[in-house]
Amino acid sequence: MERGSRSETLDQAGKQKGGQKLGSMLPQIEPFIPKRDHNPKELRSWAKRTGFVSTFSGETTTSVSERYGAEKDNSGGFDLERGRDQRGGSSPKIEIDPILGRTRANRGFEIEPASGSETGAVQRLPRDESDGALGLRNGTARGENKKRRIGIEPVLGPADEERKVNLNGNGNGNGIVNGDGHQIPVVTSAAEPKKEDSKSEEVGIDVPPDYEEPPPEGWRGSSQMKCGLRENPGFVPLIYYGLQHYLSLAGSIIFIPLVIVPAMGGTDKDTATVISTMLLVTGITTILQSYFGTRLPLVQGSSFVYLAPALVIINSQEYRNLTEHKFRHIMRELQGAIIVGSIFQSILGFSGLMSLILRFINPVVVAPTIAGVGLAFFTYGFPQAGSCVEISIPQILLVLIFTLYLRGISISGHRIFRIYAVPLSILIIWAYAFFLTAGGAYNYKGCSPDIPSSNIMVDACRKHAYTMKHCRTDVSNAWRTAAWVRIPYPLQWGVPIFHLRTSIIMIIVSLVASVDSVGTYHSTSLLVNSKPPTPGIVSRGIGLEGFCSVLAGLWGSGTGSTTLTENVHTINITKMASRRAVELGAAFLIFLSFIGKVGAILASIPQALAASVLCFMWALIVALGLSTLQYSQAASFRNMTIVGVSLFLGLSVPAYFQQYQLYTSLILPSYFIPYAAASNGPVHTGSKQLDFAFNALLSMNMVVTLLVALVLDNTVPGSRQERGVYIWSRAEEMETDPSFLADYSLPKKIAPAFCRTKCLGS
Numbered sequence: 000m001e002r003g004s005r006s007e008t009l010d011q012a013g014k015q016k017g018g019q020k021l022g023s024m025l026p027q028i029e030p031f032i033p034k035r036d037h038n039p040k041e042l043r044s045w046a047k048r049t050g051f052v053s054t055f056s057g058e059t060t061t062s063v064s065e066r067y068g069a070e071k072d073n074s075g076g077f078d079l080e081r082g083r084d085q086r087g088g089s090s091p092k093i094e095i096d097p098i099l100g101r102t103r104a105n106r107g108f109e110i111e112p113a114s115g116s117e118t119g120a121v122q123r124l125p126r127d128e129s130d131g132a133l134g135l136r137n138g139t140a141r142g143e144n145k146k147r148r149i150g151i152e153p154v155l156g157p158a159d160e161e162r163k164v165n166l167n168g169n170g171n172g173n174g175i176v177n178g179d180g181h182q183i184p185v186v187t188s189a190a191e192p193k194k195e196d197s198k199s200e201e202v203g204i205d206v207p208p209d210y211e212e213p214p215p216e217g218w219r220g221s222s223q224m225k226c227g228l229r230e231n232p233g234f235v236p237l238i239y240y241g242l243q244h245y246l247s248l249a250g251s252i253i254f255i256p257l258v259i260v261p262a263m264g265g266t267d268k269d270t271a272t273v274i275s276t277m278l279l280v281t282g283i284t285t286i287l288q289s290y291f292g293t294r295l296p297l298v299q300g301s302s303f304v305y306l307a308p309a310l311v312i313i314n315s316q317e318y319r320n321l322t323e324h325k326f327r328h329i330m331r332e333l334q335g336a337i338i339v340g341s342i343f344q345s346i347l348g349f350s351g352l353m354s355l356i357l358r359f360i361n362p363v364v365v366a367p368t369i370a371g372v373g374l375a376f377f378t379y380g381f382p383q384a385g386s387c388v389e390i391s392i393p394q395i396l397l398v399l400i401f402t403l404y405l406r407g408i409s410i411s412g413h414r415i416f417r418i419y420a421v422p423l424s425i426l427i428i429w430a431y432a433f434f435l436t437a438g439g440a441y442n443y444k445g446c447s448p449d450i451p452s453s454n455i456m457v458d459a460c461r462k463h464a465y466t467m468k469h470c471r472t473d474v475s476n477a478w479r480t481a482a483w484v485r486i487p488y489p490l491q492w493g494v495p496i497f498h499l500r501t502s503i504i505m506i507i508v509s510l511v512a513s514v515d516s517v518g519t520y521h522s523t524s525l526l527v528n529s530k531p532p533t534p535g536i537v538s539r540g541i542g543l544e545g546f547c548s549v550l551a552g553l554w555g556s557g558t559g560s561t562t563l564t565e566n567v568h569t570i571n572i573t574k575m576a577s578r579r580a581v582e583l584g585a586a587f588l589i590f591l592s593f594i595g596k597v598g599a600i601l602a603s604i605p606q607a608l609a610a611s612v613l614c615f616m617w618a619l620i621v622a623l624g625l626s627t628l629q630y631s632q633a634a635s636f637r638n639m640t641i642v643g644v645s646l647f648l649g650l651s652v653p654a655y656f657q658q659y660q661l662y663t664s665l666i667l668p669s670y671f672i673p674y675a676a677a678s679n680g681p682v683h684t685g686s687k688q689l690d691f692a693f694n695a696l697l698s699m700n701m702v703v704t705l706l707v708a709l710v711l712d713n714t715v716p717g718s719r720q721e722r723g724v725y726i727w728s729r730a731e732e733m734e735t736d737p738s739f740l741a742d743y744s745l746p747k748k749i750a751p752a753f754c755r756t757k758c759l760g761s
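Following this line, the structure appears as structure tokens:
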């Protein structure tokens with residue numbers, strides 16, 4: 000049909016009706032009533048399901064209500080499942096300019112639906128400030144308040160590659176066809192005239208101003224951060240923000256050695272040395288990730304992901320009766336396994352294979368996996384904290400009071416109880432425990448504080464030895480034995496030991512750590528109002544994480560180095576997203592690692608106090624993991640089933656392996672029994688190395704949870720909206736968006752070395 004033929008047809012029809020006005024021929028449209036109780040997350044999910052791909056933000060996003068989409072669908076407009084216009088066109092994509100409230104397209108026009116006159120001429124409807132700009136003479140659709148503009152740009156389907164299709168799907172660009180086939184002519188806005196060479200057109204849709212949609216994924220909106228990603232507030236504020244950031248992560252950085260070193264048979268001096276080593280490795284790897292990785296304000300440290308496999312190796316049968324140099328031998332075994340697993344992770348990232356694996360990693364997979372990391376230690380948490388309830392219970396209550404009940408209290412503009420909940424509660428309860436010890440609460444007649452060597456031989460002191468060991472603050476002799484200055488160095492424990500069984504365990508664990516980091520990258524990028532990284536940048540970050548874990552293995556920190564999941568919560572509560580602040584804080588950690596007495600002070604924290612803090616930290620990890628379901632339809636029966644089955648089997652299957660042979664309960668403490676299944680599990684393949692590896696992996700909650708969630712989410716049918724598929728930015732955006740380039744690109748002196756490696760997004 001030639002251009003204008005539709006107008007002529009309507010004109011002739013109007014004459015046949017005896018000069019009936021075109022407005023009276025149009026169907027009666029119900030008044031537009033803004034929906035106020037909708038879920039903005041569902042709007043973005045609707046956009047994903049309809050196939051919207053935003054070229055501005057790198058994420059699919061929408062700003063129209065579900066009522067609008069439903070009316071289009073009922074009138075033969077949009078097919079929500081197929082994502083295409085039922086009349087042959089494609090569903091629109093919506094882009095929001097954070098300043099103007101409309102799209103940034105250089106070409107296009109805005110339309111005002113108007114009623115036709117008797118001669119079929121086009122008339123512009125007057126704009127009313129109270130009613131808005133979208134209206135029809137008969138049965139107008141009007142809002143009640145002032146409205147903002149949102150640009151709609153059509154998305155071309157595969158069949159429309161050679162011709163541009165508007166919302167009416169007929170390609171003539173003359174108007175919008177309503178549900179009964181009538182066409183509403185459009186006129187161009189005087190402020191934005193239509194260009195003849197325009198290849199795409201826009202439609203102005205009014206949305207009530209009281210409808211506030213949160214920034215969609217990848218959309219660069221107004222930041223709520225006190226300090227942005229590339230901001231430099233000055234040297235003094237950088238010091239403050241840097242210390243603030245790391246103090247809020249104190250529980251994650253320093254408490255792992257308090258768990259593994261005593262289990263390995265290490266002394267208090269060994270604990271202090273491992274803590275100093277961990278501070279050094281955390282500082283170095285954080286700086287490396289900030290400069291050469293994703294460049295997000297993320298802290299690299301000893302993650303709890305590596306704690307469970309470390310405990311499995313520590314409690315293997317061959318090490319149970321080892322007495323001479325037990326600590327060094329187990330540490331060298333851990334070093335070798337971490338190095339092998341980290342090399343695999345590094346290859347996975349730098350080779351670009353991670354970009355392919357990203358297709359299978361979605362929020363429904365990430366959520367139960369991260370939650371499984373925290374749930375893996377429920378048998379260790381309070382059973383160990385309960386060894387001294389007069390310390391552990393006040394500690395748990397105090398940290399909960401700070402984080403939940405006092406979180407809104409601000410002192411000099413800073414919510415210190417939210418930011419410093421963990422270090423403040425530790426200092427208060429530690430001082431409280433010190434006064435209990437100094438006041439003689441744990442003094443027993445004839446019993447020496449030197450635990451357990453002098454008391455185990457006295458019958459009267461045996462029943463008090465356990466309490467004195469876990470409650471007294473003067474039990475540790477780390478302060479007396481540690482040097483003032485000591486620089487941790489690579490291979491300080493000896494040459495690493497490599498075994499196939501432990502290497503297989505760490506290879507799988509490195510994959511779990513990568514899945515954990517993928518969710519952290521995405522959440523952090525949205526939190527700091529930056530576009531999500533490209534798959535290449537994600538691969539670069541994972542590859543560098545592997546390299547950082549190799550360094551952790553060489554130095555001997557006992558665990559690998561990966562992105563701390565708690566970092567997302569820390570950025571959210573501190574409102575600090577500056578890379579320079581994180582780097583300055585990392586440099587401060589490196590400096591502290593050279594002072595041996597610092598590690599000695601931290602090593603003297605009572606075990607019950609450390610375990611009670613870890614109860615909160617592990618619970619926080621579970622909550623952070625489940626919070627990633629916000630990017631999917633959390634109420635979907637499909638997703639609820641997958642997450643529920645994954646978590647249940649992730650706890651139940653390992654319990655079967657852990658309880659297969661109960662005689663280990665006579666040898667190990669109760670809180671270490673779940674980590675002793677590797678040597679006594681039900682898997683028997685004929686190879687002791689493979690038996691150990693499979694029994695160990697299937698006894699770890701996070702591994703089983705990941706396998707179940709990964710298989711179910713990628714085999715059970717579900718739309719992109721339902722699954723909440725992570726959508727990453729495109730590589731070409733780095734060349735077109737200067738801010739995107741500044742956020743993620745490598746330093747100028749380093750970038751040329753990676754310029755030919757497209758898979759790394761550089």
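If you're matching positions, the sequence shown starts at 0 in numbering that gives the first Met the number 0 and goes up one per residue. Note that CB positions come from ideal geometry on N, CA and C, so glycine has one too. Being a predicted model, the structure only gives us computed values, none of them experimental.
Measuring only the C-alpha atoms, how far is L510 from G518? In the sequence shown, counting from the first residue as 1, residue 510 sits at position 511. In the sequence shown, counting from the first residue as 1, residue 518 sits at position 519. Using only the alpha carbons, I get a separation of about 13 Å.
From Q223, Q288, G227, pick the residue whose C-alpha is nearest to that of I541; which is it? Within the sequence shown, the letter at position 542 stands for residue 541. The shortest C-alpha separation from I541 is found at Q288.
Just mark F615 as buried or exposed, buried being the case when its beta carbon has 16 or more other beta carbons within 10 Å. Translated into positions along the sequence shown, residue 615 becomes position 616. The residue is buried, with at least 16 neighbouring Cβ atoms inside 10 Å.
Could you name the residues of the same chain whose beta carbon sits closer than 7 Å to that of F401, not counting the 5 residues immediately before and after it, in chain order? Mapped onto the sequence shown, residue 401 falls at position 402. Counting only Cβ-Cβ distances below 7 Å, and skipping sequence neighbours, we find F416, A420, L423, S424.
Restricting to Cα atoms, I'd like to know which of G545, H328, T368, V642 is closest to Q491. Mapped onto the sequence shown, residue 491 falls at position 492. Taking only the C-alpha atoms, the option nearest Q491 is H328.
How would you call L426, buried or exposed, if buried means at least 16 neighbouring beta carbons within 10 angstroms? As a working note, residue 426 is residue 427 in the sequence shown. Exposed is the call here.
Contact the segment 254-269 vs the segment 574-593: 3+ CB pairs below 8 Å: no
Tell me, to the nearest whole angstrom, how far the beta carbon of V612 is from that of V707; I am working on the premise that it is less than 8 Å. On the sequence shown, residue 612 is found 613 positions in, with the first residue counted as 1. On the sequence shown, residue 707 is found 708 positions in, with the first residue counted as 1. Wrong, their Cβ atoms sit about 30 Å apart, outside the cutoff.
How do the segment 566-573 and the segment 243-254 stand: do at least 3 beta-carbon pairs fall below 8 Å, yes or no? yes
So is Y441 in contact with chain D if we call contact Cβ pairs under 9 Å? Among the chains in the structure shown there is no chain D, since it carries only a single protein chain.
How would you write the range of the beta strand (DSSP E) that T561 sits in, first residue to last? To locate residue 561, count along the sequence shown from 1; it is residue 562. Looking at the DSSP string, the run of the beta strand (DSSP E) that includes T561 is 560-562.
In chain order, what residues of the same chain lie with their CB nearer than 7 Å to the CB of A788, ignoring the 5 residues before and after it? The requested residue 788 is not part of the displayed model; the chain covers only 0 to 761.
Using the DSSP secondary-structure output, state which residues sit across from G439 in a beta bridge. The count along the sequence shown starts at 1 and reaches residue 439 at position 440. Beta-bridge pairing links G439 to no other residue.
Just to confirm, are P534 and M733 a CB contact at a threshold of 9 Å? Locating residue 534 in the sequence shown gives position 535, where the first residue counts as 1. Locating residue 733 in the sequence shown gives position 734, where the first residue counts as 1. No.
Start and end of the alpha helix (DSSP H) containing G595? For this step, residue 595 is matched to residue 596 along the sequence shown. 595-602 is the extent of the alpha helix (DSSP H) around G595.
Expressed to the nearest angstrom, what Euclidean distance is found between the alpha-carbon atoms of T285 and F546? Position 286 of the sequence shown, counted from the start, is the residue given in the question as residue 285. Position 547 of the sequence shown, counted from the start, is the residue given in the question as residue 546. The alpha-carbon atoms of T285 and F546 are separated by roughly 12 Å.
N- and C-terminal bounds of the beta strand (DSSP E) containing S411: Along the sequence shown, one-based indexing puts residue 411 at 412. Where S411 is concerned, there is no enclosing beta strand (DSSP E), given that its DSSP letter is neither H nor E.
Should P495 and E332 be called a contact, given that it needs their Cβ atoms to be closer than 9 Å? Position 496 of the sequence shown holds residue 495. Position 333 of the sequence shown holds residue 332. A contact, by the Cβ cut-off of 9 Å.
Can you give the Cα-Cα distance for L648 and S626, rounded to whole angstroms? Here residue 648 corresponds to residue number 649 of the sequence shown, with the count starting at 1. Here residue 626 corresponds to residue number 627 of the sequence shown, with the count starting at 1. Roughly 20 Å separates the two Cα atoms.
The segment 470-485 / the segment 602-611 touching (three or more Cβ pairs under 8 Å): yes
Let's test the definition: count the other Cβ atoms within 10 Å of the Cβ of P737 and tell me whether it reaches 16, buried, or not, exposed. Position 738 of the sequence shown holds residue 737. Its Cβ having fewer than 16 others within 10 Å, P737 is exposed.
Can you tell me whether P296 is buried or exposed, with buried defined as 16 or more other CB within 10 angstroms of its CB? Here the question's residue 296 lines up with position 297 in the sequence shown. Buried.
Opening and closing residue of the beta strand (DSSP E) in which Q299 lies: The residue labelled residue 299 in the question sits at position 300 within the sequence shown. Note, Q299: beta strand (DSSP E), 299-301.
What are the residues that DSSP puts in a beta bridge with C226? Walking along the sequence shown from the start, residue 226 turns up at place 227. C226 pairs with M575.
Should V703 and F693 be called a contact, given that it needs their Cβ atoms to be closer than 9 Å? Position 704 of the sequence shown, counted from the first residue, corresponds to residue 703. Position 694 of the sequence shown, counted from the first residue, corresponds to residue 693. No, Cβ-Cβ distance for V703 and F693 is not below 9 Å.
Please state whether the Cβ-Cβ distance between P489 and G555 is less than 9 Å. As a working mapping, residue 489 is identified with position 490 in the sequence shown. As a working mapping, residue 555 is identified with position 556 in the sequence shown. Yes.
Report the partner residues of V484 according to the DSSP bridge assignment. Translated into the one-based positions of the sequence shown, residue 484 becomes position 485. DSSP output for V484 lists I594 as bridge partner(s).
Below 6 Å CB to CB, which residues in the same chain sit around G717 once its five sequence neighbours on both sides are set aside? As a first step, residue 717 is located in the sequence shown; it is residue number 718 there, counting from the start. Answer for G717: R637, listed in chain order.
Quick check on R327: does DSSP put it in helix, strand or coil? Here residue 327 is taken as the residue at index 328 of the sequence shown, counted from 1. Of the three classes helix, strand and coil, the one that applies to R327 here is helix, per DSSP.
Have a look at I252, G292, F739 and flag the residue whose alpha-carbon is nearest the alpha-carbon of V527. Position 528 of the sequence shown, counted from the start, is the residue given in the question as residue 527. The option with the nearest alpha carbon to V527 is F739.
For N700, does the count of other Cβ atoms within 10 angstroms reach 16, so buried, or fall short, so exposed? The count along the sequence shown starts at 1 and reaches residue 700 at position 701. By the neighbour-count rule (16 or more Cβ atoms within 10 Å), N700 is buried.
Starting from P308, trace the alpha helix (DSSP H) in both directions and tell me its first and last residue. Walking along the sequence shown from the start, residue 308 turns up at place 309. Following the DSSP letters along the chain, one finds P308 inside the alpha helix (DSSP H) bounded by residues 306-313.
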